[in-house]
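If you read the sequences in order, they're chains A and B. Heads up, the first sequence is in my numbering, so the first residue is 1 and it goes up one at a time. Heads up, the second sequence is in my numbering, so the first residue is 115 and it goes up one at a time. In this text, a Cβ means the ideal position worked out from N, Cα and C, and glycines have one as well. Given the structure is predicted, the values throughout are model-derived calculations rather than measurements. Shown next, in structure tokens, is the structure this report addresses.
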Amino acid sequence: DQQVKQNSPSLSVQEGRISILNCDYTNSMFDYFLWYKKYPAEGPTFLISISSIKDKNEDGRFTVFLNKSAKHLSLHIVPSQPGDSAVYFCAASNSGGGADGLTFGKGTHLIIQP
Amino acid sequence: DVKVTQSSRYLVKRTGEKVFLECVQDMDHENMFWYRQDPGLGLRLIYFSYDVKMKEKGDIPEGYSVSREKKERFSLILESASTNQTSMYLCASLLAGSPTSYEQYFGPGTRLTVT
Chain A
1 DQQVKQNSPS
11 LSVQEGRISI
21 LNCDYTNSMF
31 DYFLWYKKYP
41 AEGPTFLISI
51 SSIKDKNEDG
61 RFTVFLNKSA
71 KHLSLHIVPS
81 QPGDSAVYFC
91 AASNSGGGAD
101 GLTFGKGTHL
111 IIQP
Chain B
115 DVKVTQSSRY
125 LVKRTGEKVF
135 LECVQDMDHE
145 NMFWYRQDPG
155 LGLRLIYFSY
165 DVKMKEKGDI
175 PEGYSVSREK
185 KERFSLILES
195 ASTNQTSMYL
205 CASLLAGSPT
215 SYEQYFGPGT
225 RLTVT
């Protein structure tokens, strides 16, 4: 039973345009959501997060939107740059402080075309 | 900057061998985690630890055990390696009780191949 779903295994976007990565979840107890970026042969690096009490969080070119009623979140990258080509993982936590670990989606491979 | 290091980047072992994967973090974090990443499956939690000597099973603990004798070190043990344990293993740490972030810091990963 997959609690965090990223239904697009890959996404191709032209450089300079907006990249939108989507994530759906089924567990209503999730209270915190994170996006991680991963390059091949490296560990994931934290990108941006959002608490369930908010609907938007912005950090530079990255914005995460949360729609609790739809159990859906999205990551917007504007403008997309070649260095953004990577696998993006959506993750969620349902415990105080994430101490019980994160539940990850399967990832979306973002490819930025020049 | 938090640094999480893993003892090996690449490892090749034979079926039936006992395998130790070591992870060290330098930020005095209480919480540590082991995940494995497989193509099309994302990251899955194997074991985690709240503190020294403490361990909890994650979603896929079968075939693994862990050890946490010191706060900075968390070891993953494959008692008898099997080919289905060929994977990328990722260690992470977390500062407990952070009021603003549940961010886990990851190491570079160990690519384990069991032949």
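- For a cut-off of 8 Å, the C-beta gap from B/ILE191 to B/TYR178 is around 7 Å, short enough to register as a contact.
- Here the alpha carbons of A/PHE65 and B/GLY156 stand approximately 22 Å from one another.
- One alpha carbon belongs to A/GLY98, the other to B/GLU217, and they sit about 8 Å apart.
- Assigned with DSSP and collapsed to three states, B/THR224 falls in strand.
- Residues of chain A whose Cβ lies closer than 8 Å to the Cβ of B/TYR178 do not exist, since the nearest Cβ in that chain is about 14 Å away.
- Contact between B/ARG182 and B/VAL138 does not hold, since the beta-carbon distance rounds to 11 Å and is not under 8 Å.
- The beta carbon of A/LYS106 sits closer than 6 Å to those of GLN6, all from its chain and outside the five residues before and after it, given in chain order.
- Between A/ILE112 and A/SER85, the gap from beta carbon to beta carbon is short of 7 Å.
- Excluding sequence positions up to five before and after A/PHE30, its CB lies within less than 6 Å of the CB of ALA92 and ASN94, all in the same chain and listed in chain order.
- Taking C-alpha positions only, A/PRO114 is separated from A/GLU15 by approximately 5 Å.
- A/GLY83 carries a helical assignment under DSSP once its states are collapsed to helix, strand and coil.
- Against chain A, the beta carbon of B/GLN218 has neighbours under 7 Å at GLY98 and LEU102, listed in chain order.
- A/LYS38 sits buried, since 16 or more C-beta atoms from the chains shown fall within 10 Å of its C-beta.
- B/SER207 and B/GLY154 have their C-alpha atoms spaced approximately 24 Å apart.
- Here the C-alpha atom of A/SER52 lies approximately 43 Å from the C-alpha atom of B/LYS127.
- Not a single C-beta of chain A is nearer than 7 Å to the C-beta of B/PHE134.
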